Amino acid sequence: MLELEHGFRVVDSYARLTPDRREQPRGRSITPDRLEREMHQAGITRSIAFPPATPETSYVAPNNGVARRSVDRPFVAFARINGTRRPGSTATNCLHNAVARRKEYHTTPEDVEKYAYDDRFHGFVLDPLTDDLPGEDVLDTLEAVGLPLIIRGGTDATPAELAEMILGRSFPVIIAHFGGHPLDRSKMHETIDLLAEFDDCYVETSFVKYRDLLERALLEHPDRVLFGSGAPACHPNVAVMEILTLDVSEDKLWRVFSKNACRVIDALAPDAYV
Numbered sequence: 001m002l003e004l005e006h007g008f009r010v011v012d013s014y015a016r017l018t019p020d021r022r023e024q025p026r027g028r029s030i031t032p033d034r035l036e037r038e039m040h041q042a043g044i045t046r047s048i049a050f051p052p053a054t055p056e057t058s059y060v061a062p063n064n065g066v067a068r069r070s071v072d073r074p075f076v077a078f079a080r081i082n083g084t085r086r087p088g089s090t091a092t093n094c095l096h097n098a099v100a101r102r103k104e105y106h107t108t109p110e111d112v113e114k115y116a117y118d119d120r121f122h123g124f125v126l127d128p129l130t131d132d133l134p135g136e137d138v139l140d141t142l143e144a145v146g147l148p149l150i151i152r153g154g155t156d157a158t159p160a161e162l163a164e165m166i167l168g169r170s171f172p173v174i175i176a177h178f179g180g181h182p183l184d185r186s187k188m189h190e191t192i193d194l195l196a197e198f199d200d201c202y203v204e205t206s207f208v209k210y211r212d213l214l215e216r217a218l219l220e221h222p223d224r225v226l227f228g229s230g231a232p233a234c235h236p237n238v239a240v241m242e243i244l245t246l247d248v249s250e251d252k253l254w255r256v257f258s259k260n261a262c263r264v265i266d267a268l269a270p271d272a273y274v
């Protein structure tokens, strides 16, 4: 693809980086060098990067692999975490949560502290579909360290369930895909509604293909929307163009492309040393 020509500084809040191709994760996988080239083609100056979600697996090695491969590249490493609780209040989930016990591959409060005070990591990522939700002790530690959490929202972790189990604490929560993956318009609208209720709640734009939803979020909450490419599943050029073609002011484009993310994630700022 040709390099995009635009005058914006763009930072990316959602990119998956596979530290070892032999792991063969679900979804498309590309090398760190190719991901860097694709980001450059799209005019993206810095990207949040994290390993793919893998069920019943310790994320210590994948997280460290992403951190190593972020050195001397425009990647900002986030640590993936997991938990034992299932979202929702169905009888099955309530029973599961009542008897679930942490196993050796689950994230502990001590793990969170190690990641938070390791200067290679700048936040956390959670996929409830694959990894469930952390317990109160892990959430308390996340609150104590204060780093942002990117959480995948969707039909398996609805906006109402995220509001009940995650939101309202004193650390930034960035709901991926507008909380409606895969392409659930009603859930995306519900997530936008949450922005009026929770001050530390944000949304990121990867895999949101509806212009009216993107424009609604930017018009109603211009300080809460962060650009996400969804790479490598989506080429960054495509993701950038979807934002550039919105019918919003230039100021709002600056906000979604960089200003909002730099306010929430210090390592994305122009003068940040990573």
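The opening position of the sequence shown corresponds to residue 1 in UniProt numbering, with each subsequent residue numbered one higher.
The C-beta atom is built at its ideal place from N, Cα and C for all residues, glycine as well.
Bear in mind the structure is a predicted one, so any value in this text is a computation, not a measurement.
query	result
E104, DSSP secondary structure in three states	coil
The stretch 157-177 contacting the stretch 195-203, beta-carbon criterion three pairs below 8 Å	yes
DSSP-derived helix/strand/coil call for Q24	Residue confidence is low: Q24 scores 48 on pLDDT, short of 50, so the model does not pin down where it sits. No coordinate-derived value is stated.
Nearest-angstrom Cα separation, counted from N260 out to D111	28 Å
Residue environment, S249, which counts as buried when at least 16 other CB atoms sit within 10 Å	exposed
Nearest neighbour of L147, chosen from D131, P159 and I174 [CA to CA]	I174
Alpha carbon of I265 to alpha carbon of T92, nearest angstrom	37 Å
Backbone secondary structure at R263 - three-state DSSP	helix
Whole-angstrom distance between P172 and G179, CA atom to CA atom	15 Å
8 Å Cβ shell around A217 - same chain, five flanking residues per side excluded	F178, I192, L195, V203, R224 and V225
Pick from L142, T45 and T205 that is closest to A107, judged by C-alpha positions	Here residue 107 is Thr; the residue named in the question, Ala, does not match the sequence. With distances taken between Cα atoms, T107 lies closest to L142.
Reduced DSSP category for F257 - H, G, I as helix; E, B as strand; rest coil	helix
Stretch-stretch touch, CB-based, cutoff 8 Å, three pairs: the stretch 150-160 with the stretch 67-87	yes
Local Cβ density within 10 Å of G7, reported as buried at 16 or more and exposed below that	exposed
Nearest residue (CA-CA) to residue 303, options V66, S258 and E136	What the structure shows of the chain is the stretch from 1 to 274, and residue 303 is not part of that stretch, so it cannot be assessed.
Residues near D95 in its chain [Cβ-Cβ closer than 8 Å; skip 5 each side]	As written in the sequence, residue 95 is Leu, which differs from the Asp given in the question. The answer is none, since no qualifying residue turns up.
Collapsed DSSP secondary structure at S249 in the structure displayed	coil
Closest Cα partner of N82 within the set P32, P236, Y105 and H181	Y105
A77 beta carbon less than 8 Å from that of A49	yes
Cross-strand partners of C201 (DSSP beta bridge)	V173
Simplified DSSP state of L183, which is helix, strand or coil	coil
Beta-carbon proximity list for L213, same chain, < 6 Å, skipping 5 on both sides	M188
Assigned secondary structure, G65 (DSSP; H/G/I helix, E/B strand, else coil)	helix
Backbone CA spacing between H181 and D271 [nearest angstrom]	33 Å
Which of helix, strand or coil DSSP assigns to D119	coil
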